[in-house]
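One structure is given below, encoded as structure tokens.
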Amino acid sequence: MNVLLIFIFLLFTSPIFFVSSFASVNDFTTDKTLYNTNESIIISGSVDYDPDLFSIIVQIITPSGSGLAHVDSIIPNNDGTFTKIINAGGPTWSENGDYTIKISYGGNLEKSIEYRKSSEYVSPTSTPPTSTPPTSTPPTSTPNTDVNDSFIENPKMLLFGFPAFDKSPQYYVDRYNNEPSYKSWFDSQFPSYDLDQVIGYPSTHVENFPAFDKSPQYYVDRYNNEPSYKSWFDSQFPGKTIYSILGFSTYIPDWIKDYARNWATGEISDSEFMLGLDFMIQNKIIVISGINYNSFSTEDVPSWFRNTSHWWATGVISQQEFINSVKYLIQEDIILVE
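My numbering applies: residue 981 is where the sequence shown begins, and numbers increase by one.
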């Protein structure tokens, strides 16, 4: 009984976490102070490098302070230097004025830039792919959007970093079939799943797509960097993300862990964290299946969610458990989805 009471106390009381005393932001600069639509912002600087902090978090805050124009990560070099190129413009850069660049790495440093939106700016359009991928008639059945389905455990999310984004399913099939020790390890880690459920791709109406000899990163890179490929994909899989087709229906990039850690340790405020979470879900940096999402809002962030974020960032709980906590907040209307 005493153990249960202690657990409840720890779960619902506000945590105190400690920031690395070694890591800090020394300085950073931008290549200029005024940017127009579609110009590149070059951010350069240095930090006191800490190998325990994987990445630097950069936020660009809108002039009103009520939203984010951009949020991203920067991997510092071993000597602490870093450079990041960010494109100015797009739907999140809707205001003219002074934008705040906030760099977080064991501490914070802020500087301002000015942005002017070009009146002739037009969102880029896609052209047909030069080499047309295989086509097929999309299925006409309506996808199931029942809220309970979005809480089904995804085996790809159970073990952080496995399967790796830069390894193809065939890579894992070969190891499983040819290395007895690897097969034994896999079976012990995923006793309720077969190999294909964890490392494979869901079948689609397009033959041999996704292909087992291509990694998830291959498809994500093509989708993000080739407008014609993106146009083809969106026409074949309307309403779907590239991550859901690859089986990563609750995908979170590795650097989001550092963002959660910065919030848990107080480097990022509650309002900044929620703005960042909103931005990342809306722009499909974080992909959560089964949620019809435009934007969300919340007034009070539960203290237990700060605990959960810190535990996930430090490896105490799995990525799936963190995702489930976000879904719970949405399901219980603590985070209001609009």
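Cβ coordinates follow ideal geometry from the N, Cα and C atoms, glycine included.
Just tell me which of the options has its CA closest to the CA of residue i.
{"i": "Tyr1015", "options": "Ile1179, Lys1136 and Gly1070", "result": "Gly1070"}
{"i": "Tyr1029", "options": "Ala1003, Thr1042 and Asp1258", "result": "Ala1003"}
{"i": "Asp1059", "options": "Ser1026, Asp1176 and Ser1161", "result": "Ser1026"}
{"i": "Ser1195", "options": "Leu1226, Glu1206 and Pro1182", "result": "Leu1226"}
{"i": "Gly1011", "options": "Ser1305, Ser1092 and Val1005", "result": "The sequence given here places Asp at residue 1011; Gly does not occur at that position. Here the closest residue by C-alpha is Ser1092."}
{"i": "Pro1056", "options": "Pro1031, Lys1237 and Ala1068", "result": "Pro1031"}
{"i": "Asp1238", "options": "Val1038, Asp1007 and Ser1024", "result": "Val1038"}
{"i": "Glu1094", "options": "Asp1078, Ser1148 and Tyr1085", "result": "Asp1078"}
{"i": "Gly1045", "options": "Ile1036, Thr1061 and Lys1082", "result": "Lys1082"}
{"i": "Phe1034", "options": "Ser1161, Leu1309, Ala1293 and Asn1158", "result": "Ala1293"}
{"i": "Arg1241", "options": "Gly1295, Asn1157, Ile1179 and Ser1024", "result": "Gly1295"}
{"i": "Asp968", "options": "Asp1052, Asp1007 and Asn1006", "result": "There is simply no residue 968 to check, as the chain begins at 981 and stops at 1318 in what is shown."}
{"i": "Glu1090", "options": "Tyr1199, Phe1285, Val1005 and Ser1161", "result": "Val1005"}
{"i": "Lys1324", "options": "Val1153, Lys1147 and Pro1043", "result": "Limits of the chain in this structure are 981 at one end and 1318 at the other, which puts residue 1324 out of reach."}
Give the C-beta separation of residue i and residue j to the nearest angstrom, bearing in mind that I take them to be a contact with Cβ-Cβ under 8 Å.
{"i": "Glu1247", "j": "Asn1088", "result": "6 Å"}
{"i": "Gln1197", "j": "Phe1145", "result": "5 Å"}
{"i": "Gly1047", "j": "Leu1255", "result": "6 Å"}
{"i": "Thr1080", "j": "Ile1041", "result": "4 Å"}
{"i": "Ser1054", "j": "Ile1021", "result": "The sequence given here has Ile at residue 1054, not Ser. About 12 Å; that fails the 8 Å criterion."}
{"i": "Thr1203", "j": "Ile1222", "result": "Rather than Thr, the amino acid found at residue 1203 in this sequence is Tyr. With 8 Å as the limit, Tyr1203 and Ile1222 qualify as a contact, their Cβ atoms being about 4 Å apart."}
{"i": "Ser1017", "j": "Ala1068", "result": "It is worth fixing the name first, because residue 1017 is Thr in this sequence and not Ser. The Cβ separation is near 7 Å, so the contact holds."}
{"i": "Lys1136", "j": "Phe1228", "result": "6 Å"}
{"i": "Pro1149", "j": "Phe1192", "result": "5 Å"}
Can you tell me whether DSSP reads residue i as helix, strand or coil?
{"i": "Ile1132", "result": "Here Ile1132 scores only 48 on pLDDT, less than 50, and its place in the model should not be relied on; the value that follows carries that caveat. Correct three-state label for Ile1132: coil."}
{"i": "Ile1225", "result": "helix"}
{"i": "Thr1010", "result": "strand"}
{"i": "Leu1033", "result": "coil"}
{"i": "Ile1055", "result": "coil"}
{"i": "Glu1252", "result": "helix"}
{"i": "Val1038", "result": "strand"}
{"i": "Asp1234", "result": "coil"}
{"i": "Ser1111", "result": "Any reading at Ser1111 is ruled out, since the residue's pLDDT is 46, under 50, leaving its predicted position unreliable."}
{"i": "Lys1220", "result": "coil"}
{"i": "Ser1084", "result": "strand"}
{"i": "Ala1144", "result": "coil"}
{"i": "Thr1061", "result": "strand"}
{"i": "Ala1068", "result": "coil"}
{"i": "Lys1307", "result": "helix"}
{"i": "Ser1020", "result": "strand"}
Flag residue i as yes when its Cβ comes closer than 6 Å to any non-hydrogen atom of the ligand ATP, and as no otherwise.
{"i": "Thr1080", "result": "In the structure shown, the ligand ATP is absent, as is every other ligand, since no ligand is present at all."}
Exercise. Three or more C-beta pairs closer than 8 Å, one from the region 1203-1222 and one from the region 1149-1167: is that the case here?
Worked result: With the rule of 3 Cβ pairs closer than 8 Å, the region 1203-1222 does not count as touching the region 1149-1167.
Exercise. Is the region 1279-1293 touching the region 1072-1080, taking contact as three or more C-beta pairs under 8 Å?
Worked result: The region 1279-1293, when compared against the region 1072-1080, does not touch it at the 8 Å Cβ threshold.
Problem set entry | Runs of alpha helix (DSSP H) lying entirely within the region 1146-1214, each at least 4 residues, in chain order | Complete alpha helix (DSSP H) runs here, min 4: 1149-1158, 1160-1169, 1175-1179 and 1196-1205.
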